[in-house]
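Residue numbers (mature numbering (1 follows the signal peptide of the UniProt record, and there is no 0)): -24 to -1, 1 to 854.
Rendered as structure tokens:
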């Protein structure tokens, strides 16, 4: 065990009394409005610089509890508190993310207490300080060996964040407004103790101000601490005294105190007694320092501003006094208690919770030598080579009475504890058996060599066995090297008696070596990566997703592809030099995701207006050349020229039009093959194509049909309209003619192109790796996890043999209506009237797809072409 005294220096909080002019005190406040006004003036003049922080309704629209705003509960010394809304609703909100869902339980007097009193003005939960705790009082940050969470307002944890909505009074914000980070620190009642801070700092760094105190109103803070190696989280609320109470308060804080000491070691306990009274005050104090086992007192020397065990001490106004107790540590735990003005009557104090200091100093077994070594996060093993102790162990036989007969022999043995499972590859140097010629004083201080292996601490990344623990808390193993040994020699001498028959005398003399005990602590720091990398946000939308847009751009997150990673770990030689770098499998698979996209560009290559222009112009000019009426017969009658597209029934009117679109997709895949996503998008756009008209046609059997060849219902001497629709899949029309022709990759392979780019990576340290990999691996700035490299020497690389590709595919498609311009004749008995032809692309339901872009919902269709035909008369009129 370590033979030293731990010292914790607790920084004194500077208590600065705020001088303001107020017209009331807490005892004569009559209304909530008056209480709010006093509090708002205090914050305006001393903190915020503006009036109106507290309101009659909070940001959620909840009404203030007027009774508590005038006079709080006994737990708040009947001084005002500002809470809003109902206790029940706030208590329900408080347990949403909690393991324990209790919102109400009886206190020790049997009165039911809600977990929360309501909400703050900013909507934070206002905890009830007398709500019975979820756990026994014996379970606390001290007994659970917990650590307070530093700056909880910035800590990403759902249970913490449900208590914190706004961060108006953080130390940094208070510094901007007041010039002091610790403006409210002195108001915190029984705040977190520094020895349980997780990362240094002061008390104001660990308590979130839920609601600030003012001159007469209480505030409330909350802190959070982890225990069970960071697996469990608990909270504790802290009252913040009104400044009025601070103006007349005596408090006790530790100035210096060890958490433990070895037997015989000098222990110094320092107490800082502070007063915020403006005048000098004299108070009774008393020390009690006893053994824990039997309660007996131990000898103590008292130092500082008071040199007795108990008595009176005068504290100057707004000042402090330092008192010390010095003693030798017994072989027992020691309990320390210091109290001042215990009954709060001389001088009169309202709050006595900070008048007592108690501590327990642990007895630490003394050892001769102690060393502690760290095995860093990225080290598989560490070699050691050192002398057993800082000075030699000596065995001394002294001088012989006569002379030594033969050599001095013996041994110096080193015993390892444990013998197995810690000191690997153990060997010794400079420790031969003792065999000295007439030398009666022998020294030994061997060099011991051994290796500490990470796998012996339960973390074996090479063997694919990973520990998952708090990285700031190492796995600790203690070992011991201790020695035993002796030397011996035969002392041969003459006794000096003339007639002695036993001379010469021969005596075996022995002498032990100094025993050496060397306690060793090995701290193996473990970090095997975070389970989940902070996810990147990718676009998930369709640009220009309107019926009037021919160009649409799809964005969606790619399918997730899991891949394996490695990290690099090394070994340390006895000089701390790295060697033997080894790739080691990572504990967690990572998931590659990127931004997929699809660009759809639609063109109207030859609209119907162009297709029928030649024939229409010929009719408009009265030209009767048949070759000009290539696709339709328009009448030359002058009285029909007022219509855009007049025809007479019975003549041919051939469907026509040319349209095209181009689809370009960018996807990310582990294989470089053609993607189904691209194919399905292209096919979906093709299949969304529609050509529809309600013109009446006549087939080869002289039957009245629509453009699709479906029979029309008779209506007297004529027929009823029945629109006919053609699509890419249903493209056969009247008389079996292919009226919709799709020219795509199936008809010409050159209409499809593909560009494949490998997302490169190298698994060597410092190698060239694409940023897209870095975005999803730990230890990089691109994934917001660079701290893993800096703090834990952890960086991931793609394990060799895995690939990812950026695949850019382009398909160009033409859709031609009646590509062979086959004549289709309208029915001679088609009634006069207006008929339509429409060409459009339907909405595409992406949500029914099995691909990742299904989240985009519906891809809007688009109207491509439209024409209205006016039927006036028939061919029989000519």
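The beta carbon of each residue, even a glycine, is placed where N, CA and C say it ideally should be.
Check this for me: beta carbons of residue i and residue j, under 8 Å apart or not?
| i | j | result |
| --- | --- | --- |
| residue 705 | residue 788 | no |
| residue 516 | residue 533 | yes |
| residue 316 | residue 331 | yes |
| residue 505 | residue 562 | yes |
| residue 293 | residue 251 | yes |
| residue 98 | residue 185 | no |
| residue 8 | residue 46 | yes |
| residue 399 | residue 461 | no |
| residue 794 | residue 631 | yes |
| residue 543 | residue 556 | no |
| residue 387 | residue 499 | no |
| residue 512 | residue 519 | no |
| residue 819 | residue 446 | no |
| residue 302 | residue 228 | no |
Distance, Cα to Cα, residue i vs residue j?
| i | j | result |
| --- | --- | --- |
| residue 835 | residue 842 | 21 Å |
| residue 291 | residue 754 | 56 Å |
| residue 299 | residue 282 | 6 Å |
| residue 683 | residue 847 | 16 Å |
| residue 590 | residue 606 | 8 Å |
| residue 896 | residue 146 | Outside the displayed span of the chain (-24 to 854) sits residue 896, for which this structure offers no information. |
| residue 107 | residue 363 | 59 Å |
| residue -2 | residue 117 | Reliability of the predicted coordinates at residue -2 is poor, the pLDDT of 33 falling under 50, and the value obtained from them is presented with this limitation in mind. Answer to the nearest angstrom: the Cα atoms are 42 Å apart. |
| residue 354 | residue 427 | 16 Å |
| residue 183 | residue 501 | 29 Å |
| residue 612 | residue 803 | 19 Å |
| residue 13 | residue 57 | 13 Å |
| residue 31 | residue 309 | 53 Å |
| residue 181 | residue 255 | 31 Å |
| residue 856 | residue 849 | There is no way to answer for residue 856, as the model of the chain reaches only from -24 to 854. |
| residue 825 | residue 530 | 14 Å |
| residue 490 | residue 391 | 14 Å |
| residue 564 | residue 50 | 53 Å |
| residue 193 | residue 42 | 13 Å |
Which residue from the options puts its Cα closest to that of residue i?
| i | options | result |
| --- | --- | --- |
| residue 153 | 614, 802, 25 and 496 | 25 |
| residue 170 | 203, 147 and 126 | 126 |
| residue 62 | 100, 30 and 73 | 100 |
| residue 437 | 770, 777 and 81 | 770 |
| residue 378 | 823, 750 and 467 | 467 |
| residue 253 | 226, 245 and 620 | 226 |
| residue 19 | 150, 844, 37 and 404 | 150 |
| residue 713 | 731, 676 and 693 | 676 |
| residue 524 | 161, 840 and 122 | 840 |
| residue 394 | 382, 497 and 319 | 497 |
| residue 81 | 371, 91, 715 and 39 | 91 |
| residue 384 | 487, 423 and 852 | 487 |
| residue 128 | 175, 763 and 155 | 175 |
| residue 77 | 110, 50 and 311 | 110 |
| residue 73 | 821, 138 and 313 | 138 |
| residue 201 | 510, 211, 699 and 635 | 211 |
| residue 459 | 55, 368 and 50 | 368 |
| residue 796 | 716, 163 and 94 | 716 |
| residue 837 | 306, 135, 526 and 79 | 526 |
| residue 357 | 598, 552 and 766 | 552 |
| residue 419 | 463, 433 and 450 | 463 |
Based on the DSSP output, what are the partners of residue i in its beta bridges?
| i | result |
| --- | --- |
| residue 388 | 461 |
| residue 44 | None, per the DSSP bridge assignment. |
| residue 203 | 208 |
| residue 559 | 544 |
| residue 855 | An answer regarding residue 855 cannot be provided, because it is not within the stretch -24 to 854 covered by the chain. |
| residue 297 | 249 |
| residue 229 | 248 |
| residue 633 | 793 |
Any chance the CB of residue i is under 7 Å from a heavy atom of the ligand SAH?
| i | result |
| --- | --- |
| residue 385 | No copy of the ligand SAH occurs in the structure displayed, which carries no ligand at all. |
task = Flag this pair as touching only if the region 814 to 826 and the region 735 to 752 have three or more C-beta atom pairs under 8 Å; answer yes or no.
result = no
key: Contact between the region 641 to 653 and the region 668 to 682 (3+ Cβ pairs under 8 Å)   = no
query = Are three or more beta carbon pairs between the region 654 to 669 and the region 703 to 721 nearer than 8 Å?
reply = yes
query = How about the region 213 to 221 and the region 185 to 197: do they share at least three Cβ pairs that are nearer than 8 Å?
reply = yes
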